[in-house]
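With numbering that gives the first Met the number 0 applied, the sequence shown closes on residue 176, and no number is skipped along the way. Worksheet: the structure to be examined is printed underneath.
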Amino acid sequence: MKRLFLFLIIFILISQASAVEIRGIDFEIPDSYLGGELKSYGYIFNNESTFSILCIDFLTDSGYAKIASESSFRENVTVGSHEAVHCVNDRNVSRIFYSIGNSIFSISWNSSEITPEIEKLISDSPQSNLTVSQFHSKLDNEMAEYLIEKEFEDEVIFPGDNGWDDFDRDYIWDLLY
Numbered sequence: 000m001k002r003l004f005l006f007l008i009i010f011i012l013i014s015q016a017s018a019v020e021i022r023g024i025d026f027e028i029p030d031s032y033l034g035g036e037l038k039s040y041g042y043i044f045n046n047e048s049t050f051s052i053l054c055i056d057f058l059t060d061s062g063y064a065k066i067a068s069e070s071s072f073r074e075n076v077t078v079g080s081h082e083a084v085h086c087v088n089d090r091n092v093s094r095i096f097y098s099i100g101n102s103i104f105s106i107s108w109n110s111s112e113i114t115p116e117i118e119k120l121i122s123d124s125p126q127s128n129l130t131v132s133q134f135h136s137k138l139d140n141e142m143a144e145y146l147i148e149k150e151f152e153d154e155v156i157f158p159g160d161n162g163w164d165d166f167d168r169d170y171i172w173d174l175l176y
């Protein structure tokens, strides 16, 4: 009887260790990514490129626009019942953006494919309260703001092949000679 009780306690502790709560949402972390760091805005295993789950709602710059614009591959997908945007960079690191309730979350992992672990994680997530149109509108608005800021930065930086770096070097070089 003591062994059964001990077994149950160990089983409960192990199963609890794989669940994390991020901004009020419970996620069952795949075994291969256990042992990461839980932060107020997400869960990070090793680094964001290895595996992370982030709630990006409250971040002023979630990175979606930069990630999406610099991706070597980007597509709209449906995972389980969740509409999502899957981006892959040139190092085969994926980041997928999808909604839960009224919030937008991102998951990143080191693969160009949506793995069975990631598919299960997304499929098991609570439903979105956003329509497909509202979801894409949130992401599109961030992209529009990013492009405006990028255009402004490109105009403000003095001409030079590498922006400020070349300007500073050229300016200092001219002062010396």
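From the three backbone atoms N, C-alpha and C, an ideal C-beta is built for every residue, glycine too.
- For residue 74, the pairing in a beta bridge is given by DSSP as 85.
- Counting other Cβ atoms within 10 Å of its Cβ, residue 103 reaches 16 or more and is therefore classed as buried.
- By the Cβ criterion, the stretch 39-59 is in contact with the stretch 104-113, since at least three pairs of Cβ atoms, one from each stretch, lie closer than 8 Å.
- Here DSSP, grouped into helix, strand and coil, assigns residue 92 to coil.
- Approximately 10 Å separates the beta-carbon atoms of residue 121 and residue 85; this is outside 8 Å, ruling out the contact.
- Distance from the CA of residue 26 to the CA of residue 19, rounded to the nearest whole angstrom, comes to 5 Å.
- Here residue 123 carries a coil assignment [DSSP, helix/strand/coil].
- The three-state secondary structure of residue 153, taken from DSSP, is helix.
- In the three-state scheme derived from DSSP, where H, G and I count as helix and E and B as strand, residue 129 is classed as coil.
- A Cβ-Cβ contact shorter than 9 Å links residue 68 with residue 146.
- Separation of the CB atoms of residue 116 and residue 31 is rounded to 7 Å, and the pair is thereby assigned contact status at 8 Å.
- The beta-carbon separation of residue 141 and residue 40, rounded to 16 Å, does not stay under the 8 Å limit for a contact.
- Look at residue 56 here: in three-state DSSP terms it is coil, with no helix or strand label.
- Judged by their CB atoms, residue 24 and residue 17 are not nearer to each other than the 9 Å cut-off.
- For residue 63, the uninterrupted alpha helix (DSSP H) run begins and ends at 63-69, by DSSP.
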